[in-house]
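Asks:
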Amino acid sequence: MSTVANQSEGTDSMIGIDVGGTFTDVIAVREGRIETRKVPATREAYLSVLEGAERADASRSSVLNHASTHGLNAIITRRLPKIAFLTTTGHRDLLDYARIWRPAEAAMDPSWRRSFSDVARPLVPRYLRRGVVERTQADGQLLVPLDEDQLRAELEVLRRCEVEGVAICFLNAFVNPTNEQVAQRIVREVLGDVACSISSETSPLARVYGRASTTVVDVIMKISYVAYNDHLTTGLEKIGFTGQLNYADSAATLVSADAAMRRPHRIVFSGPAAGTAACKHFGASIGDGELICVDVGGTSTDLSVVTGGAPYLNTTYELEHDLTVNSLSTSISTLGAGGGSIAWINDLGELRVGPDSAGGVPGPCCYGAGGTRPTITDACLLSGVLEADKFLGGEVPLHPDLAEAGFLSLETDGDLSRRVRDTWQLGVHNIAEGIVNLALAHGVNPVDYSLVAYGAAGPMLLPSVLDHLTVRRVVIPPHPGLFSALGLLTSDQVYSESRSAYTVLGADAVERVAELLAETEATLREQLVGVDPSAVTVTRSFDGRLYGQSWDTPFVEIPDGPVTEETVQTMIDRFHDTYERRNGTRFTTFPVEAVTFRVQAVVRTDKLTFEPLATRAATGGAPATSTTTVRHIYGDDVTATVVERPDLLSGDEIAGPAIVREAMSTTVVPPGRTVRVGRFGELVIS
3 MSTVANQSEG TDSMIGIDVG GTFTDVIAVR EGRIETRKVP ATREAYLSVL EGAERADASR
63 SSVLNHASTH GLNAIITRRL PKIAFLTTTG HRDLLDYARI WRPAEAAMDP SWRRSFSDVA
123 RPLVPRYLRR GVVERTQADG QLLVPLDEDQ LRAELEVLRR CEVEGVAICF LNAFVNPTNE
183 QVAQRIVREV LGDVACSISS ETSPLARVYG RASTTVVDVI MKISYVAYND HLTTGLEKIG
243 FTGQLNYADS AATLVSADAA MRRPHRIVFS GPAAGTAACK HFGASIGDGE LICVDVGGTS
303 TDLSVVTGGA PYLNTTYELE HDLTVNSLST SISTLGAGGG SIAWINDLGE LRVGPDSAGG
363 VPGPCCYGAG GTRPTITDAC LLSGVLEADK FLGGEVPLHP DLAEAGFLSL ETDGDLSRRV
423 RDTWQLGVHN IAEGIVNLAL AHGVNPVDYS LVAYGAAGPM LLPSVLDHLT VRRVVIPPHP
483 GLFSALGLLT SDQVYSESRS AYTVLGADAV ERVAELLAET EATLREQLVG VDPSAVTVTR
543 SFDGRLYGQS WDTPFVEIPD GPVTEETVQT MIDRFHDTYE RRNGTRFTTF PVEAVTFRVQ
603 AVVRTDKLTF EPLATRAATG GAPATSTTTV RHIYGDDVTA TVVERPDLLS GDEIAGPAIV
663 REAMSTTVVP PGRTVRVGRF GELVIS
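Residue numbers (this note's numbering): 3 to 688.
Now the structure itself:
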């Protein structure tokens, strides 16, 4: 199958690099051809990014788009800098009690504690959380002026503690930022050039805990990414890259490196979102806007939904339970299921698979890198689905004897065949269950959706999910093993600003709404200096609620143009329409209260598009095939047809059992199923 793509006019070359838990994926588009590479992930992630960029010959590229897990890993592993938190006196423990929400599984567990609480692994230890004498009222009036002398005394304590950064979040600062701005200036005077974020700039939104946690994460990311970005940009310069470096944010839109470093909390959770962006883009190409996106990697499975051609967006997301970040993000669920998921025996003697993963180091047993616990990848090798000498294009030789030893080491009954088969089936079942839960959470019926299978292990496992649930079809897109990286080449640059201001909508709110939108847009346009205005599209929206509700309905569109009484009435009507679509009810007699106003600037960028494949009817002949024996996973041994994906053309059909091999992934077609090649090279199993 051809690996040809179109590029927008004026683009000489683009590179997308996505850092995963096991591998760093690299996609390069050059002279209309897609080139792919996988680089083993390293502890210092920028090293694998630089290796991938060098292999892709970044010196010939004008754009490099990057999705990084560097900051996310820092928080998960608690490899954190020492930072302080300043807030209104009497409220320093708000980071500990958060929203007072428990996960469902801990509802009746008296010993449960948040993962970031003072008794666990706090992001900011209590002794570095200091109260500051000041108070701003909800209407923005200063009730208690900032006590500068008391603040300086607290900062002297922090100076002796050698903090590397300071997060500042005062009550109601989103309405009036004066005290935070003065405090930030004094921090500079006392502590010098330390990282310092204030909530009124980082997240000027209502609800103090979300502002506080976002500001803390922003400071941590500023410190964590300074060295990372410096190493990355310096390394790219050494290999001759002189183009534009962009980071992907948590909604998979792009932001320049400079802008990303100013508000790095936006880019914490970028990798999984890039896969959803790729699905949306490819779905538009094949005329399918109803997709369940399933990215099965080495460590985890990321699930998301595209409905009507658009992914679900959230206004906040969680890094851990109740650890929230106020940033637009794609709605993604993550399972501890992947090619590296470990098979183990529980206390009852039952076989379980995951959520623990062998990761990239030491990796599955068959990698020969020290791993001794069997994984799904080991099962795929022993079954014959994977070939020992062709894994990752032959770059990583696999060792069947080590995989077999890993399974035989399990303390359980059953022969080797039973252990391999049960590991495979449990891995498939875990993913199927996750898909059902995702569909229920979003209120969609899987029967109406196509399942997009990507990630290195997705095409291996997901066709077998058809035995456990009913979906319209399974679609394996081109380059599934690096599909998230490909998504980095399908997005625009997006800049956004938002601010909260509780405003009951009506004729008397026209002036207030106009003022808020003008201020927000002015702040946004400060980020667009040097950008061609003709390439920019500005959109406006608001999050609203029925007056008296405690939750918001987000992303209600605001009409373009000057704000008039008609504009405000349209906002009210659109709120009721959006509310009815989401909730099935309409309450037009209730006043509508706007909570948060959003302005977004989309800067159009060059994107990758796919060239249609030639059809088999036009060329004649048939794809070259061979056969192999698939053992264990179907009970009895079966003979499967083997075909190389680059040999396939549009319209080809192959009956299962079959295996479709390509350099970075393997597709398994179960017995009784048929795979058909679509117009753009997608493999369709229905």
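C-beta: ideal position from N, C-alpha, C; glycine also. On a predicted model such as this, the values are computed, not experimentally measured, just so you know.
Which two residues bound the contiguous beta strand (DSSP E) that contains residue 171?
Replies: Your numbering for residue 171 matches position 169 in the sequence shown. Looking at the DSSP string, the run of the beta strand (DSSP E) that includes residue 171 is 167-171.
Asks: In the stretch 109-156, which residue ranges form an unbroken beta strand (DSSP E) of at least 3 residues, counting only runs that do not cross its ends?
Replies: As far as the stretch 109-156 is concerned, its whole beta strand (DSSP E) runs of at least 3 residues are 131-134 and 144-146.
Asks: Give the single residue among 118, 332 and 222 whose Cα lies nearest to the Cα of residue 165.
Replies: Mapped onto the sequence shown, residue 165 falls at position 163. Comparing Cα-Cα distances from residue 165 to each of 118, 332 and 222, the minimum goes to 222.
Asks: Cα separation between residue 93 and residue 43?
Replies: As a working mapping, residue 93 is identified with position 91 in the sequence shown. As a working mapping, residue 43 is identified with position 41 in the sequence shown. Each residue's alpha carbon lies about 41 Å from the other.
Asks: Quick check: residue 455 and residue 480, are their CB atoms within less than 8 Å of each other?
Replies: Within the sequence shown, residue 455 is the residue found at index 453, counting from 1. Within the sequence shown, residue 480 is the residue found at index 478, counting from 1. Their beta carbons are not under 8 Å apart, which means residue 455 does not touch residue 480 by this criterion.
Asks: Am I right that residue 77 and residue 321 are in contact with their C-beta atoms under 8 Å? What's the rounded C-beta distance?
Replies: Here residue 77 refers to the residue found at position 75 of the sequence shown. Here residue 321 refers to the residue found at position 319 of the sequence shown. Confirmed, about 6 Å.
Asks: On the CB-based measure, 16 or more other CB atoms within 10 Å of its CB, does residue 102 come out buried or exposed?
Replies: Looking up residue 102 in the sequence shown gives position 100. Result: exposed.
Asks: Run through DSSP, which three-state label would residue 177 get?
Replies: The residue you call residue 177 lines up with position 175 of the sequence shown. Three-state DSSP puts residue 177 in coil, outside helix and strand.
Asks: What are the start and end residues of the beta strand (DSSP E) that includes residue 357?
Replies: On the sequence shown, residue 357 is found 355 positions in, with the first residue counted as 1. Where residue 357 is concerned, the enclosing beta strand (DSSP E) stretches over 353-359.
Asks: Let me know the secondary structure DSSP gives residue 673 once reduced to three states.
Replies: The residue you call residue 673 lines up with position 671 of the sequence shown. Reduced to three states, the DSSP call for residue 673 is coil.
Asks: Count Cβ pairs between the stretch 235-249 and the stretch 334-351 that sit closer than 8 Å; are there 3 or more?
Replies: Not touching, per the Cβ criterion.
Asks: Once you ignore the five residues that flank residue 688 on each side, which residues in its own chain have a CB closer than 6 Å to its CB?
Replies: Translated into positions along the sequence shown, residue 688 becomes position 686. Excluding positions up to five away in sequence, the list reads 475.
Asks: How big is the Cα-Cα spacing for residue 298 and residue 360?
Replies: Taking the sequence shown and counting its residues from 1, the one referred to as residue 298 is at position 296. Taking the sequence shown and counting its residues from 1, the one referred to as residue 360 is at position 358. One C-alpha to the other measures close to 14 Å.
Asks: In the DSSP assignment, what are the bridge partners of residue 316?
Replies: Residue 316 sits at position 314 when you count from the first residue of the sequence shown. Looking at the DSSP assignment, residue 316 forms a beta bridge with 331.
Asks: Using only the alpha-carbon positions, how far apart do residue 128 and residue 381 sit?
Replies: Numbered from its first residue, the sequence shown carries residue 128 at position 126. Numbered from its first residue, the sequence shown carries residue 381 at position 379. Computed Cα separation, rounded: 47 Å.
Asks: Sort out for me which residues DSSP pairs residue 85 with in a bridge.
Replies: In the sequence shown, the residue the question calls residue 85 occupies position 83. The partner list for residue 85 (beta bridge, DSSP) reads 167.
Asks: Residue 103 lies in the beta strand (DSSP E); which residues open and close that run?
Replies: Stepping through the sequence shown from its first residue, residue 103 is reached at position 101. Element bounds for residue 103: n/a, residue is neither H nor E.
Asks: Count the other CB atoms, across all protein chains shown, that sit within 10 Å of the CB of residue 426; report buried if there are 16 or more and exposed otherwise.
Replies: The residue labelled residue 426 in the question sits at position 424 within the sequence shown. Residue 426 should be labelled buried.
Asks: Quick one: residues in its chain with C-beta nearer than 6 Å to the C-beta of residue 346, no 5 flanking neighbours on either side, listed in chain order?
Replies: Translated into positions along the sequence shown, residue 346 becomes position 344. Result list for residue 346: 354, in chain order.
Asks: Please tell me whether residue 451 and residue 288 are closer than 8 Å, where the distance is taken between their beta carbons.
Replies: Start at 1 with the first residue of the sequence shown, and residue 451 comes out as number 449. Start at 1 with the first residue of the sequence shown, and residue 288 comes out as number 286. No, the pair does not count as a contact, with Cβ atoms beyond the cut-off.
Asks: What does residue 18 pair with, by DSSP beta-bridge criteria?
Replies: Walking along the sequence shown from the start, residue 18 turns up at place 16. Residue 18 is bridged to 29 and 67.
Asks: Identify the continuous beta strand (DSSP E) that holds residue 248 and give its terminal residues.
Replies: The residue given as residue 248 occupies position 246 in the sequence shown. Element bounds for residue 248: 246-250.
Asks: Which of helix, strand or coil does DSSP assign to residue 639?
Replies: Here residue 639 refers to the residue found at position 637 when the sequence shown is read from its first residue. Three-state result, residue 639: strand.
Asks: Do residue 65 and residue 19 count as a contact pair if the criterion is CB distance below 8 Å?
Replies: What you label residue 19 is simply residue 17 of the sequence shown in a count that begins at 1. What you label residue 65 is simply residue 63 of the sequence shown in a count that begins at 1. Contact flag unset, no.
Asks: Please check the pair residue 679 and residue 651, which I expect to be a contact at CB under 8 Å, by giving their CB distance rounded to whole angstroms.
Replies: Stepping through the sequence shown from its first residue, residue 679 is reached at position 677. Stepping through the sequence shown from its first residue, residue 651 is reached at position 649. Right, the Cβ-Cβ distance comes to about 7 Å (below 8 Å), so this counts as a contact.
Asks: Nearest by alpha-carbon distance to residue 557: which of 542, 664 and 272 is it?
Replies: By 1-based counting over the sequence shown, the position of residue 557 is 555. For residue 557, the nearest C-alpha among the options comes from 542.
Asks: How is residue 518 classed by DSSP in three states: helix, strand or coil?
Replies: Locating residue 518 in the sequence shown gives position 516, where the first residue counts as 1. Residue 518 falls in the helix class under three-state DSSP.
Asks: So the beta strand (DSSP E) residue 392 belongs to, where does it begin and stop?
Replies: By one-based count along the sequence shown, residue 392 stands at place 390. Premise fails: residue 392 is in no beta strand (DSSP E) and is neither H nor E.
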